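Visitor: Dropping a structure here in structure tokens format, bear with me for questions.
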Amino acid sequence: MDRPRHFEDYVLGETRKTYGRTITETDFVVHAGHTGDFFPHHMDAEAMKSTPFGQRIAHGTMTFAIGIGLTASEINPLAFTYGYERLRFPKPVFIGDTIHTELTITGLDPDPKRATHGRITEQVRVINQRGETVLACDHIYLAERRA
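In case it helps, the UniProt record's numbering puts the sequence shown at residues 1 to 147.
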């Protein structure tokens, strides 16, 4: 859904929550093929049985890609991503887990490089079906200011 918003339309503390998405074995295989990361933690079910995890764990980059992808249900054509900071994976994601993403606006600042844009910081939390945070980061993006 397109939701055009200028920098001035954002409010500190504003939140939104995405729909959920269940992680499948196909996700693991496709992501490994795309990235070349066939590390046993992701691909060797037998080897992982003897670890503290007890099963394969998702690629962090896959959790990031899917978790951020879930947020694309709302598109602002007046904004673009500047980057992500402080990316962490505090808990593993397993095949069969269902994740969703929760977003909170935590910063609204002038952009020092572009007077025509403002810098928005959005706290990102990807959460599993047990309520555990499996990914945390800050999304920084720029939105056009009103003329």
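Heads up, the beta-carbon is just placed ideally off N, CA and C, and yes, glycines get one too. Since we're looking at a predicted model, the values are computed, not measured.
1. Report the start-end ranges of each beta strand (DSSP E) in the UniProt domain "MaoC-like" (12-109) that is 3 residues or longer and not cut off at the edges.
2. From the DSSP output, in three-state form, read off Glu8 for me.
3. Do you know offhand how far Leu87's Cα is from Ala147's?
4. Would you report the Cα separation of Tyr141 and Arg119, rounded to the nearest angstrom?
5. Any idea if Leu12 is buried or exposed, counting beta-carbon neighbours within 10 angstroms, 16 or more meaning buried?
6. Relative to the alpha-carbon of Glu134, which residue among Thr101, Ala143, Gly83 has its alpha-carbon at the smallest distance?
7. DSSP on Ala143, reduced to helix/strand/coil?
8. Is Thr116 helix, strand or coil when you go by DSSP?
9. Using only the heavy atoms of the ligand PLP, determine whether one of them is closer than 8 Å to the beta carbon of Val134.
10. For Gly96, is the classification buried or exposed, using 16 other Cβ atoms within 10 angstroms of its Cβ as the cut-off for buried?
11. With DSSP as the reference, please indicate the residues paired to Thr125 in a beta bridge.
12. Given a cut-off of 9 Å, decide if Ile105 and Gln129 are closer than it, judged by their beta-carbon atoms.
13. Spatial neighbours of Phe7 within its chain, please: C-beta separation below 6 Å, excluding the five flanking residues on both sides.
Guide: Reading off the structure:
1. Counting only runs of 3 or more, we get 15-17, 79-88.
2. Under the three-state reduction of DSSP output, Glu8 falls in the helix class.
3. Answer to the nearest angstrom: the Cα atoms are 34 Å apart.
4. The straight-line gap from Cα to Cα measures roughly 6 Å.
5. With fewer than 16 Cβ atoms within 10 Å of its Cβ, Leu12 is classed as exposed.
6. One detail in the question is off: residue 134 reads as Val in this sequence, not Glu. That would be Thr101, whose Cα lies nearest to the Cα of Val134.
7. It is a strand residue.
8. Judged by DSSP in its simplified three-state form, Thr116 adopts coil rather than helix or strand.
9. Absent from the structure shown: the ligand PLP. Ligands present: none.
10. Exposed, since its Cβ has fewer than 16 Cβ neighbours within 10 Å.
11. The displayed chain sequence assigns Arg, not Thr, to residue 125. Under DSSP, Arg125 forms a beta bridge with Glu102, Ala136.
12. Result no, Cβ atoms of Gln129 and Ile105 do not sit closer than 9 Å.
13. Excluding sequence neighbours, Phe7 sits near Gly118, Ala143, Arg145.
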